[in-house]
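**Q** The UniProt record's numbering puts the first residue of the sequence shown at 1, with every later residue one more than the last. All C-beta atoms in this analysis are idealised placements derived from N, C-alpha and C, irrespective of residue type, glycine included. The structure is given below, and queries will be raised subsequently.
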Amino acid sequence: MNHKGEEKMKKLLVVVLCVLFVIAFAGCAAGVSQPSASTAPEASEAAPEASKASESASAETADGQFKVGFAIRTMDGAYYKTLADDVEKMAKEAGWECVVLNAEDDIAKETENMQTLVSMGVDLIFLDCVDPTAAVASIQLATDADIGVINLDSGVDDGTAQITTVYSDNEQNGLKVGQEFVKTFNEKNGADTAIKGILLSGNKGSIAGEQRRQGLMAGIIMERTGCTEEEAWTAAKELDQQVISGGKGENADANFTIVGQGWGNWTENGGLEAAEDILTANPDTNLIMGENDSMVLGAMSAIDNAGKKAGEDIMLIAAADGSFSGYDAIKAGTFLAIGQNSPGKIAELGMQIAKEILVDGQDAASYDPITMTEAIAVTSENVEQEYDYGF
1 MNHKGEEKMK KLLVVVLCVL FVIAFAGCAA GVSQPSASTA PEASEAAPEA
51 SKASESASAE TADGQFKVGF AIRTMDGAYY KTLADDVEKM AKEAGWECVV
101 LNAEDDIAKE TENMQTLVSM GVDLIFLDCV DPTAAVASIQ LATDADIGVI
151 NLDSGVDDGT AQITTVYSDN EQNGLKVGQE FVKTFNEKNG ADTAIKGILL
201 SGNKGSIAGE QRRQGLMAGI IMERTGCTEE EAWTAAKELD QQVISGGKGE
251 NADANFTIVG QGWGNWTENG GLEAAEDILT ANPDTNLIMG ENDSMVLGAM
301 SAIDNAGKKA GEDIMLIAAA DGSFSGYDAI KAGTFLAIGQ NSPGKIAELG
351 MQIAKEILVD GQDAASYDPI TMTEAIAVTS ENVEQEYDYG F
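Take a look at the structure:
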């Protein structure tokens, strides 16, 4: 073993001993609630894992081979399963070993999983965290053991210890989709026809949701008025504030009104329920726009129930995600455009960065805090090309 390997083993041994100390301390403090990332797992569960991890860490990988871990928040849902499967597949294709641990949306379980991966002596960890605050301590634990962390899909509150966070470009995806909508709408209905849209949002306070809907608004305003992108973003933020505070809003320059906002919790059923009442109260609606495609797909039932046709009487757009169901609807002509939030492309970019660091020797500190995939509006023009990146 070379000097660098000895140093890493020494640091790793210190981390393993720290983990065991935390576990022992947690056993002494049983009954005390600690709702934070430092909450220790039960000693009976973690001690065997730490022991196995120590044994695993003592074995060196062959030249050119690496062991990486992926601590993922959940495997519930096609998006997360595809993300985990693709990371594992790409790692194996590179000749690497990949260990995937599922937190099942539990902060304590995620902390335990991160401790396990650190104790195993992996060369790098991918993380899609449950909670952006709680994950900070776990990332620091890995960094202290000279193990880099790349966040996939979701970031953390303090990213100073991470390598980078990889996710889709919510704002530009939304903007491109909004522009595509106006081009088609103007061609079909005329540039003077009023746009009257229903906005379907995921959950209150979501930063991604805010970026996505403001992107849609900016794209519509920019394409309709011919203003600069900077002016469009300013106008979009003003329109968004109207909608959030009053449930509706208008940009007169673009002849664009949001007649109502519904909260669909990112699901098809939620989208159906959120759209029904607003559509009934506003029968002249000609657009349904969503922060993801699932809610808009659900709203198609509300359109049918109102005796209208999706894609003809009412156009459908979404700032994200790119499910196979959404892409199939684009092929069928009922869905106009979807911003691409591809777990496959996020996995690809994450693995590319990992290879640059582990194989090529790129400095981990040289990466920007955020690394985004290319913004793409998927329409009938490119859906076949992008279809395999769906989920």
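How is the alpha helix (DSSP H) around Met90 delimited, first residue to last?
**A** By one-based count along the sequence shown, residue 90 stands at place 90. Where Met90 is concerned, the enclosing alpha helix (DSSP H) stretches over 78-93.
**Q** Look at the alpha carbon of Ile370 and the alpha carbon of Ala236, and state the distance between them as a whole number of angstroms.
**A** On the sequence shown, position 370 is the one that residue 370 refers to. On the sequence shown, position 236 is the one that residue 236 refers to. The straight-line gap from Cα to Cα measures roughly 23 angstroms.
**Q** Going by the DSSP bridge assignment, what does Ser201 pair with across the sheet?
**A** Sequence index remark: in the sequence shown, residue 201 carries index 201 (1-based). DSSP output for Ser201 lists Trp263 as bridge partner(s).
**Q** Beta-carbon within less than 6 angstroms of Met300's beta-carbon, same chain only, minus the 5 sequence neighbours each way: which residues are those?
**A** Your numbering for residue 300 matches position 300 in the sequence shown. So the qualifying residues of the chain are Ala310.
**Q** Would you decide whether Glu384 is buried or exposed? Buried here means 16 or more other CB atoms lie within 10 Å of its CB.
**A** The residue you call residue 384 lines up with position 384 of the sequence shown. Exposed.
**Q** Taking the alpha-carbon of Ala364 as reference, which of Thr165, Val118, Ala103, Asn305 has the nearest alpha-carbon?
**A** Walking along the sequence shown from the start, residue 364 turns up at place 364. When each option's Cα is compared against that of Ala364, the closest is Thr165.
**Q** Can you give me the C-alpha to C-alpha distance between Ser245 and Gly260, rounded to a whole angstrom?
**A** Taking the first residue of the sequence shown as position 1, residue 245 is located at position 245. Taking the first residue of the sequence shown as position 1, residue 260 is located at position 260. Roughly 11 angstroms separates the two Cα atoms.
**Q** Looking at C-alpha atoms only, which residue of Thr379, Asn282, Ile353 is the closest neighbour of Ile150?
**A** Within the sequence shown, the letter at position 150 stands for residue 150. With distances taken between Cα atoms, Ile150 lies closest to Ile353.
**Q** At the level of alpha carbons, what is the spacing between Ser339 and Ala319?
**A** By one-based count along the sequence shown, residue 339 stands at place 339. By one-based count along the sequence shown, residue 319 stands at place 319. The sequence given here places Gly at residue 339; Ser does not occur at that position. Cα-Cα distance, rounded: 5 angstroms.
**Q** For Ile163, is the classification buried or exposed, using 16 other Cβ atoms within 10 angstroms of its Cβ as the cut-off for buried?
**A** Mapped onto the sequence shown, residue 163 falls at position 163. That one is buried.
**Q** Please list, in chain order, all residues of the same chain as Gln172 whose beta carbon is under 6 angstroms from its beta carbon, the five residues on each side excluded.
**A** Start at 1 with the first residue of the sequence shown, and residue 172 comes out as number 172. These residues qualify, in order along the chain: Ala375.
**Q** Would you say Ala275 and Ile195 are within 9 angstroms of each other, going by their C-beta atoms?
**A** Your numbering for residue 275 matches position 275 in the sequence shown. Your numbering for residue 195 matches position 195 in the sequence shown. No.
**Q** Tell me where the alpha helix (DSSP H) around Ile147 begins and ends.
**A** Counted from its first residue, the sequence shown places residue 147 at position 147. For Ile147, there is no enclosing alpha helix (DSSP H), as DSSP marks it with neither H nor E.
**Q** I need the straight-line Cα distance from Thr133 to Asp157, nearest angstrom please.
**A** Translated into the one-based positions of the sequence shown, residue 133 becomes position 133. Translated into the one-based positions of the sequence shown, residue 157 becomes position 157. Roughly 5 angstroms separates the two Cα atoms.
**Q** Using only the heavy atoms of the ligand NAP, determine whether one of them is closer than 8 angstroms to the beta carbon of Ser301.
**A** With respect to the ligand NAP, the structure offers nothing, as it holds no ligand at all.
**Q** Given Ala30, which residues of its chain have a CB within under 6 angstroms of its CB, disregarding the five upstream and five downstream residues?
**A** Here the question's residue 30 lines up with position 30 in the sequence shown. With a pLDDT of 29 at Ala30, under the threshold of 50, the modelled position of that residue is not reliable, and the figure given next carries that caveat. Contacts found: none.
**Q** When we look at the beta-carbon of Asn251 and count the other beta-carbons within 10 Å, is it buried (16 or more) or exposed?
**A** Position 251 of the sequence shown holds residue 251. Asn251 comes out buried.
**Q** Could you pull out every residue in the same chain whose Cβ sits closer than 6 angstroms to the Cβ of Glu49, ignoring the five residues on either side in sequence?
**A** Taking the sequence shown and counting its residues from 1, the one referred to as residue 49 is at position 49. For Glu49, the predicted structure reports a pLDDT of 32, less than 50, and the residue's modelled location is therefore unreliable. A value from the coordinates is still provided. The answer, listed in chain order, is Thr116.
**Q** In chain order, which beta strand (DSSP E) runs of at least 3 residues are fully inside the segment 317-360?
**A** Here the runs fully enclosed are 337-339.
**Q** Quick one: using the 10 Å Cβ neighbour count with 16 as the cut-off for buried, is Gln214 buried or exposed?
**A** Reading the sequence shown from its first residue, position 214 is the one you call residue 214. Counting Cβ neighbours within 10 Å, Gln214 comes out buried, since at least 16 surround it.
**Q** For Gln248, which residues does DSSP report across the bridge?
**A** Working through the sequence shown from its first residue, we reach residue 248 at position 248. Residue identity check: residue 248 is Lys in the sequence provided, not Gln. DSSP output for Lys248 lists no bridge partner at all.
**Q** Between Asn170 and the rest of its own chain, which residues show a CB-CB distance below 6 angstroms, the 5 nearest in sequence each way excluded?
**A** On the sequence shown, residue 170 is found 170 positions in, with the first residue counted as 1. Only Ala208, Gln211, Arg212 meet the Cβ criterion.
**Q** Let's test the definition: count the other Cβ atoms within 10 Å of the Cβ of Val118 and tell me whether it reaches 16, buried, or not, exposed.
**A** Residue 118 sits at position 118 when you count from the first residue of the sequence shown. Burial call: buried.
**Q** Taking C-beta to C-beta, are Ser342 and Ser294 nearer than 9 angstroms?
**A** By one-based count along the sequence shown, residue 342 stands at place 342. By one-based count along the sequence shown, residue 294 stands at place 294. No, the Cβ-Cβ distance between Ser342 and Ser294 is not below 9 angstroms.
**Q** Just to confirm, is the Cβ distance from Val378 to Ile346 under 9 angstroms?
**A** If you number the sequence shown from 1, residue 378 lands on position 378. If you number the sequence shown from 1, residue 346 lands on position 346. No.
**Q** Gly209 bridges to which residues according to DSSP?
**A** The residue given as residue 209 occupies position 209 in the sequence shown. Answer is none; Gly209 lacks a bridge partner.
**Q** Output the distance between the C-alpha atoms of Ala135 and Cys129, rounded to the nearest integer angstrom.
**A** In the sequence shown, counting from the first residue as 1, residue 135 sits at position 135. In the sequence shown, counting from the first residue as 1, residue 129 sits at position 129. C-alpha separation (whole angstroms): 6 angstroms.
**Q** Using only CA atoms, which one of Arg73, Ile288, Asn305, Ser323 lies nearest to Glu110?
**A** Along the sequence shown, read from residue 1 onward, the residue named residue 110 stands at position 110. When only C-alpha atoms are compared, the closest one is Arg73.
**Q** Shortest alpha-carbon distance to Gly77 belongs to which of Trp266, Thr334, Leu358, Met351?
**A** Stepping through the sequence shown from its first residue, residue 77 is reached at position 77. Comparing Cα positions, the closest option is Trp266.
**Q** Going by DSSP, what residue range makes up the alpha helix (DSSP H) through Val177?
**A** Within the sequence shown, numbered from 1, the residue matching residue 177 stands at position 177. Start and end: 170-189.
**Q** Check each candidate in Tyr80, Trp263, Gly298 and name the one with the smallest Cα separation from Tyr167.
**A** If you number the sequence shown from 1, residue 167 lands on position 167. The shortest Cα separation from Tyr167 among Tyr80, Trp263, Gly298 belongs to Tyr80.
**Q** What does the alpha-carbon distance come out to for the pair Val32 and Ala145?
**A** Counting from 1 along the sequence shown, the entry for residue 32 is found at position 32. Counting from 1 along the sequence shown, the entry for residue 145 is found at position 145. A caution first: Val32 carries a pLDDT of 27, below 50, which makes its placement in the model unreliable, though a value can still be read off. So the two alpha carbons sit approximately 28 angstroms from each other.
**Q** In terms of residues, what are the limits of the beta strand (DSSP E) holding Asn113?
**A** Numbered from 1 along the sequence shown, position 113 holds the residue referred to as residue 113. Boundaries for Asn113: no beta strand (DSSP E) harbours it, while the alpha helix (DSSP H) harbouring it runs 107-120, taken from the DSSP string.
**Q** Measuring straight from C-alpha to C-alpha, what distance separates Asp131 and Ser206?
**A** As a working mapping, residue 131 is identified with position 131 in the sequence shown. As a working mapping, residue 206 is identified with position 206 in the sequence shown. Looking at the two C-alpha atoms, the distance is approximately 13 angstroms.
**Q** As a quick exercise: from Phe391, Lys183, Asp328, pick the residue whose alpha carbon is nearest that of Ile220.
**A** The residue you call residue 220 lines up with position 220 of the sequence shown. With distances taken between Cα atoms, Ile220 lies closest to Lys183.
**Q** To the nearest angstrom, report how far apart Val243 and Thr257 are at their CA atoms.
**A** Counting from 1 along the sequence shown, the entry for residue 243 is found at position 243. Counting from 1 along the sequence shown, the entry for residue 257 is found at position 257. Going from the Cα of Val243 to the Cα of Thr257 covers about 10 angstroms.
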